[in-house]
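In order, the protein sequence lines correspond to chains W and C. First residue of the first sequence: 876, per this note's numbering; consecutive thereafter. First residue of the second sequence: 876, per this note's numbering; consecutive thereafter. First up is the structure itself, then whatever we jot down about it.
Number of protein chains: 2
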Amino acid sequence: MAGKPSIPKGTRDFTPVEMSRRNYIFDAIRQVFKTYGYQPIETPAMENLSSLMGKYGDEGDRLLFKVLNSGNFKDKLSDEQLIETAPGKLGTMISEKGLRYDLTVPFARFVVQHRNELTFPFKRYQIQAVWRADRPQRGRYREFYQCDVDVIGSTSLLNEYELVRIIDAVFKSLNLKVVIKINNRKVLTGIAEVIGEMQRITDITVAIDKLEKIGMEKVLLELEQKGISKEALGKLEPVLAMKGTDPEKIAFLESYLASSETGLKGIEEIKELFSFLCETDLKAETEFDLTLARGLNYYTGCIFEVKATEASMGSICGGGRYDDLTSIFGLEGVSGVGVSFGADRIYDVMLQLERFPARGEMDTRVLFVNFGEREVRFILPVLDRLREGAVATELYPESAKMKKQMAYANTRNIPFVALVGEQEMNDGVITLKEMETGEQERLTPDQLVDRFSEPLNLL
Amino acid sequence: MAGKPSIPKGTRDFTPVEMSRRNYIFDAIRQVFKTYGYQPIETPAMENLSSLMGKYGDEGDRLLFKVLNSGNFKDKLSDEQLIETAPGKLGTMISEKGLRYDLTVPFARFVVQHRNELTFPFKRYQIQAVWRADRPQRGRYREFYQCDVDVIGSTSLLNEYELVRIIDAVFKSLNLKVVIKINNRKVLTGIAEVIGEMQRITDITVAIDKLEKIGMEKVLLELEQKGISKEALGKLEPVLAMKGTDPEKIAFLESYLASSETGLKGIEEIKELFSFLCETDLKAETEFDLTLARGLNYYTGCIFEVKATEASMGSICGGGRYDDLTSIFGLEGVSGVGVSFGADRIYDVMLQLERFPARGEMDTRVLFVNFGEREVRFILPVLDRLREGAVATELYPESAKMKKQMAYANTRNIPFVALVGEQEMNDGVITLKEMETGEQERLTPDQLVDRFSEPLNLL
């Protein structure tokens, strides 16, 4: 075979070092999810294309990876259909399956399909890869991981409270400073209602979302160009100009939204959530941010977005309340709320800030140098004992030159080597050398096992 | 949307109970792999189809899931090509990518692609899903998991020894009784050489493989029908009739294979491996099994297969030595050896034998009943403290009827409920009720936290 082998663009291999860092993140997230009583589920990589199509807009449909039907995929198509049908449509005629695009739609499908086996409120987490045929670029992959946590079947704001606590606990555990931005879709709806432009809510929200970036003048100009009336814009201006602390902003909006039942409901939800948050110590900053919009598709209540404050990076976690997600699969009236952690972005931030531990918890701690078969036979029972005590241990498999074996220990970042030669065998001991200091000790097998069994000496 | 949603045939959703059991298996396997110094890698779900095609025989090519090219997948094809090309071939013209079929070929590709970043001997493990467009049936899925452990870049038989140790440790940890069958491809080659039918090694091995099932007469008949000479079959008969202990069999073969250099090398390898195994305490039985063949494609030395002795199930783990795996990607002369654990079959055996623990280590241990907002505000700080101590804890999110909340605790198999009503708030205590016994205790928040922090009281 000619040339170096490769993998599809936008996909990645993960080497042991990268795996160790990724698992550090996944383990931290998983540990928090479990502590809050969320249970894991997994769904298949392939979903029926009919479950996926039309759920992510036209753009999403285009970005779905379709899996070609096996066997004779064209046997039900006429020649004319094969030639004349546009690729997008033809693709769905020769592919019944697609790779999942996110974890939200498969979750909705799961809940509907298994509703009779589940206990509601159903608190689940899901950590799996998703695939999108997006143009690959720095930080954007065609295969990437999402870590979703959702509770479905309860409208209580205690769920929103708990998700904020979960976000805080995850980033505390990862030692990342973050700000958790909170808004409520009902407040945005209320604003559109108050200014009399309910039909233009999407335009209004998209524009408000840009407020921080482009400033008020340009936001108003953009909305004018989209045909929002001068009168409406006049009413909108005080909202865009709003300043102050969170309670001041909320008080302002409460009076501003007096005529909108939905808007006031949103304010009430925000107030209740913040009042719960007052009961707890958060490490993260929380902030009421009216400009936070998030994809408008299915959110209906509180929405969240998290940014790292020590690095320049988009949102690293986000989510919100949705009242109607499962209705796309025929189950009405089930409200849920959840957030998704972006493992790949968190990875990049952690790497940039050097927050990964230098050594994995289960990395090899001692390498036995191999001087030949007799020495190996002396070593094997000691190896067994260390490994039975869950001490990660290796024996170099060949009696290669000492230099080569030491180089292996070095490259693998193994902190101790154990040496057994003629002398050691006669004395019934093992020479243990600490790689960093060069310090050597002669230990009996019992002493060696004890040495690595004491948590304090684990290094 | 009409009808209940579904997933593609041969794929599965994993509910929390199933996830907990699967993770029990994966964790046990992963823990052992790490203890032996193997490092994790992961490869993308999609590989270039060119990396996969031709690696698994015609059958394998047919069973590959192909991923349709995104965009206009037919724009480089003429109308004639679209109509005339057979589906198998046309599939490869409109799909550049496929889903991985196993973890072995992606591993070989990984080693060649990253050879300059890796330290050899390279000891890796990989636990990921694979996909095959096989006809689904009981125990055979289109998406299933493999747990592979391999060392590449070392010819030492200590690696084989270590893999047998790993197999033993995994099944000891899972509390499954197994027999590890061991053979050597060179012995099989030697037999073909000795009987003068070197060209027919595949037929001979396939037939020998059936010895236990159909008996010697039928094996000989089958080989005769395949055109093996009477003389050769006469020479083969004593091998098929071979009886006795492992050392007796090995001694017999050593003299039988005297004229075959390859055969004797195989015997020498078997002897060395068994001599290492004498140095260690295995819980599993080991057995030299001449009838063990395993897919002949790439194995060149020792081969392994593991069966559960308490349940009727095919092989639950297997593997062997391959001297030339990476040559398919242009890297010659790198020998490796590895085994693969079949997580799905192990799951079925464990389930049948009821070997799964009743409760997951991180399942929710206490549910706080929700009597209303005032009580919740009393509870929140206690919740925080328990969760900071990594005690999995839940608060029922709605102040629903007591009966409903207790039913939730029951269905979720939560061992304790904590009750805080008017009386408890006044007294500054929490009533803790053990679900199984119905026993109740009144504890201060401090006492409650202590109660769940003591490892002995965790259940």
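For glycine and all other residues, C-beta sits at the position ideal for the given N, C-alpha and C.
C-beta neighbour in chain C for residue i, strict 8 Å
i, result
"L1331 (chain W)", "Confidence at L1331 (chain W) is low in this model, with a pLDDT of 44, below 50, so its placement is unreliable and no value can be given for it."
"D888 (chain W)", "yes"
"E1018 (chain W)", "yes"
"N923 (chain W)", "yes"
"F1327 (chain W)", "no"
"L943 (chain W)", "yes"
"D902 (chain W)", "no"
"M876 (chain W)", "Here the model assigns M876 (chain W) a pLDDT of 46, short of 50, so the residue's position is not dependable and the matter cannot be decided."
"F1231 (chain W)", "no"
"G966 (chain W)", "yes"
"E1269 (chain W)", "yes"
"L1334 (chain W)", "At L1334 (chain W), the pLDDT of 41 sits below 50, so the modelled position is not reliable; the number obtained from the coordinates is stated separately. No, L1334 (chain W) lies away from the interface with chain C (no Cβ there is under 8 Å from its Cβ)."
Partner residues on chain C for residue i, Cβ-Cβ distance less than 8 Å
i, result
"A1265 (chain W)", "Q906, T910"
"M1281 (chain W)", "Within 8 Å Cβ-Cβ: nothing; M1281 (chain W) doesn't reach chain C, min ~12 Å."
"F1246 (chain W)", "Here the premise fails: no neighbours, minimum Cβ distance about 13 Å."
Residue from the options with nearest C-alpha to residue i
i, options, result
"R896 (chain W)", "C:I904, C:Q914, C:E922, C:I882", "C:Q914"
"I1041 (chain W)", "W:D1156, W:V1304, W:I1203", "W:D1156"
"A961 (chain C)", "C:I1083, C:R990, C:R937, C:P1290", "C:R937"
"P880 (chain W)", "C:L924, C:V1114, C:V1053, C:Y1197", "C:L924"
"Q1003 (chain W)", "W:S1150, W:A920, W:L1206, W:E1269", "W:A920"
"V845 (chain W)", "W:T1120, W:G932, W:N991, W:D1009", "With chain W represented from 876 up to 1334, any question about residue 845 (chain W) goes unanswered, as that position is not in the structure."
"L1228 (chain C)", "C:K1308, C:A903, C:A1186, C:I916", "C:A1186"
"G1189 (chain W)", "W:L1206, W:Y1197, W:F1216", "W:F1216"
"K1276 (chain C)", "C:G1247, C:R1262, C:E1263, C:V1251", "C:G1247"
"I863 (chain W)", "W:L1148, W:G1205, W:K1158", "Nothing can be reported for residue 863 (chain W), as the shown portion of chain W is limited to 876 through 1334."
"K1308 (chain C)", "C:Q906, C:D1302, C:V1292", "C:V1292"
"G1211 (chain C)", "C:G1195, C:Y1222, C:G1138, C:Q1298", "C:G1195"
"T910 (chain C)", "W:V1266, W:L1086, W:P996", "W:V1266"
"G1340 (chain W)", "W:E1154, W:A1116, W:M1117, W:G1176", "The requested residue 1340 (chain W) is not part of the displayed model; chain W covers only 876 to 1334."
"E1068 (chain C)", "C:L1086, C:K1278, C:K1110", "C:K1110"
7 Å Cβ cut-off: residues of chain W touching residue i
i, result
"P1320 (chain C)", "Those do not exist, as P1320 (chain C) stays about 14 Å from chain W at its closest Cβ, beyond 7 Å."
"S1031 (chain C)", "P1272, E1273"
"R1249 (chain C)", "The contacting residues do not exist; R1249 (chain C) stays about 12 Å from chain W at best."
"T918 (chain C)", "D888"
Residues that residue i contacts on chain C, provided the C-beta gap is smaller than 9 Å
i, result
"Y1174 (chain W)", "Correct list: empty, because the minimum Cβ distance to chain C is about 19 Å."
"D954 (chain W)", "D954, L957, I958"
"D1223 (chain W)", "By Cβ distance, chain C contributes nothing, its closest Cβ being about 18 Å from D1223 (chain W), past 9 Å."
Any chain W beta carbon closer than 8 Å to residue i
i, result
"I1055 (chain C)", "no"
"Q914 (chain C)", "yes"
"M1237 (chain C)", "yes"
"P891 (chain C)", "yes"
"E1314 (chain C)", "no"
"M894 (chain C)", "yes"
"Q988 (chain C)", "yes"
"V926 (chain C)", "In the sequence under discussion, the amino acid at residue 926 (chain C) is Ser, which differs from the Val named in the question. For S926 (chain C), the answer is yes, since a Cβ of chain W falls inside 8 Å of its Cβ."
Pair within 8 Å by beta-carbon distance, residue i and residue j
i, j, result
"V1257 (chain W)", "P1320 (chain W)", "yes"
"V1214 (chain W)", "V1024 (chain W)", "yes"
"V1045 (chain W)", "K1182 (chain W)", "no"
"Q1021 (chain C)", "D977 (chain C)", "yes"
"L1098 (chain C)", "D1078 (chain C)", "yes"
"L1167 (chain W)", "K1056 (chain W)", "yes"
"Q1280 (chain C)", "V1241 (chain C)", "no"
"L930 (chain W)", "I1203 (chain W)", "Residue identity check: residue 930 (chain W) is Lys in the sequence provided, not Leu. In this structure, I1203 (chain W) lies closer than 8 Å to K930 (chain W) by Cβ."
"I969 (chain C)", "L957 (chain W)", "no"
"I1145 (chain W)", "N1059 (chain W)", "yes"
"P1290 (chain C)", "Y899 (chain C)", "no"
"T1064 (chain C)", "T1137 (chain C)", "yes"
"K998 (chain C)", "V1026 (chain C)", "yes"
"T1312 (chain W)", "L1294 (chain W)", "no"
"P996 (chain C)", "P996 (chain W)", "no"
"I916 (chain C)", "F1019 (chain C)", "no"
Cross-chain neighbours of residue i in chain W, by beta carbon under 9 Å
i, result
"D1259 (chain C)", "R1040, E1154, T1155, D1156"
"P1290 (chain C)", "Residues of chain W passing the Cβ test: none, with the nearest at roughly 13 Å."
"T1286 (chain C)", "T994"
Per-residue contacts from residue i into chain C (C-beta, under 7 Å)
i, result
"K972 (chain W)", "P883"
contact_flag[the stretch 962-976 of chain C, the stretch 889-902 of chain W] where n(CB pairs < 8 Å) is 3 or more: no
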